[in-house]
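Here the structure comes first, spelled out in structure tokens, and everything after it is commentary.
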Amino acid sequence: MPPLRPGLEAFIAGLPKAELHVHHVGSASPRIVAELASRHPGSGVPQDPDALREFFTFRDFAHFIEVYITVVGLIRDAEDVRLLTYEVARDMARQNIRYAELTVTPHSSVTRGIPDVAFMEAIEDARTAAERDLGVVLRWCFDIPGELGLPAAEETARMACELRPEGLVSFGLGGPEIGWPRPQFKPYFDRAIAEGLRSVPHAGETTGPETVWDALRELRAERVGHGTSAARDPELLAYLAEHRVPLEVCPTSNVATRAVPSLAGHPLRRFVEAGVPVTINSDDPPMFSTDLNTEYAVAARLLDLDAAGLAGLAKNAVAASFLDEAGKARLNAEIDAHLAAWPR
Ligand SMILES: [Zn+2]
1 MPPLRPGLEA
11 FIAGLPKAEL
21 HVHHVGSASP
31 RIVAELASRH
41 PGSGVPQDPD
51 ALREFFTFRD
61 FAHFIEVYIT
71 VVGLIRDAED
81 VRLLTYEVAR
91 DMARQNIRYA
101 ELTVTPHSSV
111 TRGIPDVAFM
121 EAIEDARTAA
131 ERDLGVVLRW
141 CFDIPGELGL
151 PAAEETARMA
161 CELRPEGLVS
171 FGLGGPEIGW
181 PRPQFKPYFD
191 RAIAEGLRSV
201 PHAGETTGPE
211 TVWDALRELR
221 AERVGHGTSA
231 ARDPELLAYL
241 AEHRVPLEVC
251 PTSNVATRAV
261 PSLAGHPLRR
271 FVEAGVPVTI
281 NSDDPPMFST
291 DLNTEYAVAA
301 RLLDLDAAGL
311 AGLAKNAVAA
321 SFLDEAGKAR
331 LNAEIDAHLA
341 AWPR
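Given below as structure tokens:
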């Protein structure tokens, strides 16, 4: 992998960005977990951010799951949900993320006793406050925790369609792919799509390209989460390019979960060369010891990009987003202004 070109770290830091694949609970930084832990002193989770930073340092996938479960265990009431959501937006603002479609799994919180209506009010309250105070526009993707099967799918579709919060734009599917074929979730996607939600399932992260085909054909995916194994299927790459179906690429996450062997071995360049629209994302950033700026730096190295190339990558995310046209034009203009002001 070539090194990052000089000065690009600062360019990336100031670049207005949109993020399309990032999880709500998975975005809880050590700072946020410390705040949640201080609300629940009996939880056994350290309240000291330094100790938490140590705990958060990515070791392996089993450790990632351990961290994730620890954070889920700290989200016990609607105020925890509000705090988490707003503070995630604050971390985004620090990286100049201006728009994010945050993947939320309401099922996990509701089954832990937070009433569904209170959950919706909490995320919506945080969303409007984040836009007002921080200038970060948030939208939601409600995702099915696939490993909990059809009852979780039914419950997620019910909340998405019947309680539909104003910021909700899309419907997703996460969790392990092996043993949970995508087609069984078709009725729930059909229902969400009929309500005007957009389809954005994870697919082809831990399984082969056939899962991406299933996501396209059965779940009518408009974007694909990860889709790394698509690199092995030229016909699929051609389809994604022709139909302009973007991949939500998360390089560091893909290495951490062993979806790809190494950053240098990531198929990002192959996607770009095949004409597939790609967006760069961070997935569960603190848990993979990364953030979106770091992922842009990785992409710049993999694709050997200059400032204009990075601005193009940021615009890919705007184009692939579910922002309205006026919002897209505004964000693109901010990206153009940042590039124009950049010393050559
Ligand atoms: Zn994900």
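Heads up: the sequence shown begins at 1 in the UniProt record's numbering, then just goes up one per residue.
By construction, the Cβ of each residue, glycine as well, lies at the ideal position given by its N, Cα and C atoms.
From a predicted model like this one, the values you see are computed outputs, not experimental measurements.
Fill in: CA nearest to the CA of residue 28, picked from 200, 16, 309, 64
Selected option, being the one with the closest Cα: 64.
Practice prompt. Kindly give me the distance between the Cβ atoms of residue 189 and residue 219, rounded to whole angstroms, as I take these residues to be in contact under 8 Å.
Written response: Yes, they are in contact, since the Cβ atoms of residue 189 and residue 219 sit about 4 Å apart, within 8 Å.
Worksheet item: Taking one C-beta from the stretch 51-63 and one from the stretch 30-42 each time, how about it: are there three or more such pairs within less than 8 Å?
Response: Yes: the two stretches touch, three or more of their Cβ pairs being nearer than 8 Å.
Worksheet item: Residues in its own chain within less than 8 Å of residue 234 by CB, not counting five upstream and five downstream?
Response: Closer than 8 Å at Cβ, skipping near neighbours: 274.
Discussion item. Quick test of the definition: if touching needs 3 or more C-beta pairs under 8 Å, does the stretch 6-16 touch the stretch 71-82?
Written reply: Output reads no: the stretch 71-82 does not touch the stretch 6-16.
Worksheet entry | 7 Å CB neighbourhood of residue 38 in its chain, flanking five on each side removed | 47.
Practice prompt. Just the C-alpha distance for residue 175 and residue 192, rounded to the nearest angstrom, thanks.
Written response: Taking the straight line joining both Cα atoms gives about 19 Å.
Worksheet item: Expressed to the nearest angstrom, what Euclidean distance is found between the alpha-carbon atoms of residue 131 and residue 326?
Response: Taking the straight line from one Cα to the other gives about 16 Å.
Discussion item. Run through the DSSP bridge pairs and tell me what residue 285 is partnered with.
Written reply: None, per the DSSP bridge assignment.
Worksheet item: Got a sec? Which residues, its chain only, sit under 8 Å from residue 182 by beta carbon, not counting five neighbours each side?
Response: For residue 182, where only same-chain residues beyond five positions count, the Cβ hits under 8 Å are 173, 201, 203, 211, 214, 215, 218, 219.
Worksheet item: Between residue 129 and the rest of its own chain, which residues show a CB-CB distance below 7 Å, the 5 nearest in sequence each way excluded?
Response: Closer than 7 Å at Cβ, skipping near neighbours: 86.
Fill in: Beta-carbon gap between residue 248 and residue 21 smaller than 8 Å
Yes, the pair counts as a contact, with Cβ atoms nearer than the cut-off.
Discussion item. Does residue 268 pass the burial test, meaning 16 or more other C-beta atoms within 10 Å, or should it be called exposed?
Written reply: Residue 268 counts as buried, since at least 16 other C-beta atoms from the protein chains shown sit within 10 angstroms of its C-beta.
Worksheet item: Sorted by chain position, which residues of the same chain lie with C-beta nearer than 7 Å to residue 125's C-beta, five sequence neighbours on each side aside?
Response: Taken in chain order, the residues that qualify are 82.
Discussion item. Between residue 12 and residue 331, how many whole angstroms is the CB-CB distance? I'm expecting something under 8 Å.
Written reply: About 16 Å; that fails the 8 Å criterion.
Worksheet item: DSSP state of residue 172, grouped into three classes?
Response: In this structure, DSSP gives residue 172 an extended state, which the three-state scheme calls strand.
Worksheet entry | Every unbroken alpha helix (DSSP H) within the stretch 168-253, with a cutoff of 4 residues, ordered by chain | You should have 186-194, 209-217, 234-242.
Worksheet entry | Cβ-based burial, residue 278 [other Cβ within 10 Å; buried from 16] | Residue 278 counts as buried, since no fewer than 16 other beta carbons sit within 10 angstroms of its beta carbon.
Fill in: Residue burial classification, residue 290 (beta-carbon count within 10 angstroms, cutoff 16)
Buried is the call here.
Worksheet entry | Cα-Cα separation, residue 78 to residue 261 | The straight-line gap from Cα to Cα measures roughly 39 Å.
Item to complete: Tell me whether residue 322 sits in a helix, a strand or coil according to DSSP, three-state version.
Response: Of the three classes helix, strand and coil, the one that applies to residue 322 here is coil, per DSSP.
Item to complete: Return yes when at least one heavy atom of ligand 1 lies under 7 Å from the C-beta of residue 21, else no.
Response: Between ligand 1 and residue 21, a heavy atom-to-CB distance of less than 7 Å is present.
Discussion item. Between the alpha carbons of residue 112 and residue 76, how many angstroms are there, rounded?
Written reply: Cα to Cα, residue 112 sits roughly 7 Å from residue 76.
Discussion item. Measuring only from the beta carbon, is residue 146 closer than 7 Å to any heavy atom that is part of ligand 1?
Written reply: Answer for residue 146: no, Cβ out of range of ligand 1.
Worksheet item: Cβ-heavy atom distance between residue 44 and ligand 1 below 7 Å?
Response: Not so, every heavy atom of ligand 1 lies at least 7 Å from the Cβ.
Worksheet item: Applying the criterion that 16 or more other CB atoms from any shown protein chain within 10 Å of the CB defines a buried residue, is residue 298 buried or exposed?
Response: The C-beta of residue 298 has 16 or more other C-beta atoms within 10 Å across all chains shown, which makes the residue buried.
Worksheet item: Should residue 174 be listed as close to ligand 1, given that the test is whether its C-beta is under 7 Å from any heavy atom?
Response: In terms of side-chain proximity, the C-beta atom of residue 174 is found nearer than 7 Å to a non-hydrogen atom of ligand 1.
Worksheet entry | residue 11 (DSSP reduced to helix, strand or coil) | Three-state DSSP puts residue 11 in a helix.
Worksheet entry | Where the alpha helix (DSSP H) through residue 151 begins and ends | From DSSP, the alpha helix (DSSP H) with residue 151 extends over 149-162.
Worksheet item: Does ligand 1 have a heavy atom nearer than 7 Å to the CB of residue 283?
Response: Within 7 Å of the C-beta of residue 283 there is at least one heavy atom belonging to ligand 1.
Discussion item. With a threshold of 7 Å (Cβ to nearest heavy atom), would residue 202 be considered close to ligand 1?
Written reply: Relative to ligand 1, residue 202 has its C-beta within less than 7 Å of a heavy atom.
Worksheet entry | Neighbourhood of residue 293 by C-beta distance below 7 Å, restricted to the same chain and skipping five residues each side | Short of 7 Å from the beta carbon of residue 293, and not among the five residues preceding or following it, lie these beta carbons of its own chain, in chain order: 12, 13, 95.
Worksheet entry | Bounding residues of the beta strand (DSSP E) (the contiguous stretch that carries residue 144) | Counting along the chain, the beta strand (DSSP E) containing residue 144 begins and ends at 137-145.
Fill in: Heavy atom of ligand 1 within 7 Å of residue 227 beta-carbon
No.
Fill in: Beta-carbon spacing of residue 143, residue 103 below 8 Å
Yes, the Cβ-Cβ distance between residue 143 and residue 103 is below 8 Å.
Worksheet item: So residue 28 is in the beta strand (DSSP E); what residue range does that whole segment cover?
Response: Element bounds for residue 28: n/a, residue is neither H nor E.
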